[in-house]
Structure formats: C-alpha cells, structure tokens
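K.L.:
Please see the structure below; I have some questions.
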Amino acid sequence: MTVQHRVLSDPPPAAAAPGMRDLRRLLARLVDEVPGLRSVAVVSADGLPLLASAPEPALAAAARPAAARPRSPREASADLATVVAGLAGLTLGAARMMDAGRVRQTLVAMESGCLLVMTISDGSLLGAHTDPDADMSQVTYHMALFVGRAGHLLTPELRARLRADAENAEGGEGAAGVREASRGAGNVRRTRH
Numbered sequence: 125m126t127v128q129h130r131v132l133s134d135p136p137p138a139a140a141a142p143g144m145r146d147l148r149r150l151l152a153r154l155v156d157e158v159p160g161l162r163s164v165a166v167v168s169a170d171g172l173p174l175l176a177s178a179p180e181p182a183l184a185a186a187a188r189p190a191a192a193r194p195r196s197p198r199e200a201s202a203d204l205a206t207v208v209a210g211l212a213g214l215t216l217g218a219a220r221m222m223d224a225g226r227v228r229q230t231l232v233a234m235e236s237g238c239l240l241v242m243t244i245s246d247g248s249l250l251g252a253h254t255d256p257d258a259d260m261s262q263v264t265y266h267m268a269l270f271v272g273r274a275g276h277l278l279t280p281e282l283r284a285r286l287r288a289d290a291e292n293a294e295g296g297e298g299a300a301g302v303r304e305a306s307r308g309a310g311n312v313r314r315t316r317h
C-alpha cells in the first residue's frame with residue numbers, strides 16, 4: 125500500500141524566514157522519494173517539533189487499527205517528535221556513560237516498523253518511522269542526504285521561526301500535541317547534542 129504524505133506546518137506567512145520554503149521542500153522530497161516512510165519529524169535540540177510530515181488522514185486511517193489512531197495528523201507528528209526527543213536523550217546519556225562520543229544515528233527495529241533518528245548539525249534531530257519491510261539502507265541514505273542539506277538551512281532565525289510557529293499553534297487539535305511533545309522532552313532540554 126502506498127501512503128501519500130504531506131508536510132505539516134502552518135502555511136508560510138508572506139515574510140517567511142529565509143530557508144523555510146527550502147526546508148519544507150526537502151522534507152516533502154524525502155517522504156516522496158523513500159518508500160515505506162510512515163512519518164518524519166524534525167525536532168529541535170530541546171524536543172520541540174519544528175516540522176513534520178504525516179500520512180494523508182484517509183490513507184493513514186485505513187493503514188492503522190482504530191485503537192492505535194491518533195486524533196489528528198498533528199498529534200501523530202507530536203507523538204513522533206516526543207519519541208524522537210526521548211530516544212535522543214536516552215542514547216546521548218548512554219554515549220556519555222560509555223564515553224563513546226557523539227551519537228550520529230539510532231535505529232530501533234520493532235515488530236511492525238522501525239524508528240530511525242539522526243542528528244542534524246545544529247543539534248536538531250530528524251526522526252523517521254518506517255514500515256517493517258522498508259529498505260533501511262535506502263531510508264538511511266536519504267535521511268543522511270536530508271541531514272546534510274538541512275544543516276545549513278536551520279539557521280538560528282529559521283529555528284526561532286519554526287519554534288514560534290509550533291508554540292503558537294493555538295486552538296484546534298495541534299496545540300495539545302505540540303505542548304505534550306514539549307513537556308515530554310523536558311529531560312532532553314538540559315542536554316545538547
């Protein structure tokens with residue numbers, strides 16, 4: 125089953141921060157080119173979702189059991205962002221404890237899917253949730269391309285703009301998910317990658 129994705133974020137205002145359109149385009153390209161991606165999230169170093177993709181609601185609903193369905197695509201991306209931030213904090217702590225240096229990539233293989241997390245140069249994170257039969261070499265290759273290209277786009281100005289957009293997503297279903305992701309990443313805030 126092919127699942128179509130869309131980039132979740134508020135429509136760009138007239139005075140969008142430089143690089144925002146390019147970053148959105150890179151994320152859309154990632155999910156369009158890599159078969160088996162369920163969702164992808166860019167998460168700030170302190171755990172706040174900056175940009176995400178999610179399956180189109182009708183297609184996502186058909187692919188998942190009713191009990192596992194989040195209430196909205198924004199909640200699904202906030203859930204992914206929370207897991208990515210928590211996993212990054214855990215692996216960072218393990219790397220420190222083992223005196224193993226910087227964490228570059230984390231892979232969690234599960235019965236019905238995989239979670240991959242890569243660090244972007246500014247400390248932000250790219251997380252991807254895949255189908256269990258996705259080609260991991262292709263997924264990691266395209267994620268590495270995204271990380272290399274996005275690193276120079278995530279300027280302090282763009283990160284601030286994306287953070288403000290996420291924090292200002294008031295009302296509707298997205299705000300609760302963004303706030304929950306921010307709370308869930310509390311321990312990660314004290315650490316830097």
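Heads up: the sequence shown begins at 125 in this note's numbering, then just goes up one per residue.
All C-beta atoms, glycine included, are put in the ideal place defined by N, C-alpha and C.
Quick caveat, the model's predicted, so the values are computed rather than measured.
(1) Could you tell me how far apart the beta carbons of VAL158 and HIS266 are, in whole angstroms, since I believe they sit closer than 8 Å?
(2) Roughly how many angstroms separate the alpha carbons of MET144 and ARG220, rounded to a whole number?
(3) Looking at the unbroken beta strand (DSSP E) that takes in VAL232, where does it start and where does it end?
(4) Once DSSP output is grouped into helix, strand and coil, what is the label at ARG226?
(5) Buried or exposed: where does MET222 fall if 16 or more other Cβ atoms within 10 Å of its Cβ makes it buried?
(6) For SER261, which of helix, strand or coil comes out of DSSP?
(7) For ALA165, does the count of other Cβ atoms within 10 angstroms reach 16, so buried, or fall short, so exposed?
(8) When you compare only the Cα positions, how much space is there between ARG228 and ALA288?
(9) Between which two residues does the beta strand (DSSP E) harbouring VAL164 extend?
(10) If ASP246 sits next to GLY275, beta carbons under 8 Å apart, how far is it from one beta carbon to the other, in whole angstroms?
(11) Taking three-plus beta-carbon pairs below 8 Å as touching, is the stretch 206-218 in contact with the stretch 234-244?
(12) Quick one: what does DSSP say THR243 is sitting in, helix, strand or coil?
(13) Taking the alpha helix (DSSP H) that LEU250 belongs to, which residues open and close that run?
(14) Whose C-beta lies closer than 8 Å to the C-beta of VAL207 among residues of the same chain, with five residues either side of it excluded?
(15) Roughly how many angstroms separate the alpha carbons of ARG285 and LEU161, rounded to a whole number?
(16) Name the two residues that bound the continuous alpha helix (DSSP H) containing LEU151.
(17) Grab me the residues of ALA205's own chain with a C-beta within less than 8 Å of its C-beta, minus the 5 sequence neighbours each way, in chain order.
(18) Are ARG273 and LEU150 touching if we call contact CB-CB under 8 Å?
(19) According to the neighbour-count rule (16 or more other Cβ atoms, all chains shown, within 10 Å of its Cβ), is VAL155 buried or exposed?
P.N.:
Considering the structure as presented:
(1) The residue labelled residue 158 in the question sits at position 34 within the sequence shown. The residue labelled residue 266 in the question sits at position 142 within the sequence shown. Sure, about 5 Å apart at Cβ, within 8 Å.
(2) Indexing the sequence shown from 1 puts residue 144 at position 20. Indexing the sequence shown from 1 puts residue 220 at position 96. Between MET144 and ARG220, the C-alpha separation is close to 33 Å.
(3) Within the sequence shown, residue 232 is the residue found at index 108, counting from 1. Where VAL232 is concerned, the enclosing beta strand (DSSP E) stretches over 229-234.
(4) For the purposes of this step, residue 226 is taken as residue 102 along the sequence shown, with counting starting at 1. ARG226 falls in the coil class under three-state DSSP.
(5) The residue you call residue 222 lines up with position 98 of the sequence shown. Its Cβ having fewer than 16 others within 10 Å, MET222 is exposed.
(6) Your numbering for residue 261 matches position 137 in the sequence shown. Looking at SER261 - three-state DSSP - the assignment turns out to be helix.
(7) Counting from 1 along the sequence shown, the entry for residue 165 is found at position 41. With 16 or more Cβ atoms within 10 Å of its Cβ, ALA165 is classed as buried.
(8) Residue mapping note: residue 228 aligns to position 104 of the sequence shown, counting from 1. Residue mapping note: residue 288 aligns to position 164 of the sequence shown, counting from 1. Going from the Cα of ARG228 to the Cα of ALA288 covers about 27 Å.
(9) Against the sequence shown, residue 164 aligns to sequence position 40. Per DSSP, VAL164 belongs to the beta strand (DSSP E) from 161-167.
(10) For the purposes of this step, residue 246 is taken as residue 122 along the sequence shown, with counting starting at 1. For the purposes of this step, residue 275 is taken as residue 151 along the sequence shown, with counting starting at 1. The Cβ separation is near 7 Å, so the contact holds.
(11) yes
(12) What you label residue 243 is simply residue 119 of the sequence shown in a count that begins at 1. Looking at THR243 - three-state DSSP - the assignment turns out to be strand.
(13) By 1-based counting over the sequence shown, the position of residue 250 is 126. Segment 249-254 is the beta strand (DSSP E) holding LEU250; no alpha helix (DSSP H) there.
(14) By one-based count along the sequence shown, residue 207 stands at place 83. LEU239 and GLY251, listed in sequence order.
(15) Taking the first residue of the sequence shown as 1, we reach residue 285 at position 161. Taking the first residue of the sequence shown as 1, we reach residue 161 at position 37. Whole-angstrom Cα-Cα distance: 26 Å.
(16) By 1-based counting over the sequence shown, the position of residue 151 is 27. Counting along the chain, the alpha helix (DSSP H) containing LEU151 begins and ends at 144-157.
(17) By one-based count along the sequence shown, residue 205 stands at place 81. Closer than 8 Å at the Cβ level, and outside the excluded window around ALA205, lie ALA165, VAL167, GLY171, LEU172, PRO173, ALA176, GLY251, ALA305 and ALA309.
(18) Taking the sequence shown and counting its residues from 1, the one referred to as residue 273 is at position 149. Taking the sequence shown and counting its residues from 1, the one referred to as residue 150 is at position 26. It is a contact, given that the beta carbons lie within the stated cut-off.
(19) Looking up residue 155 in the sequence shown gives position 31. Per the 10 Å Cβ criterion, buried.
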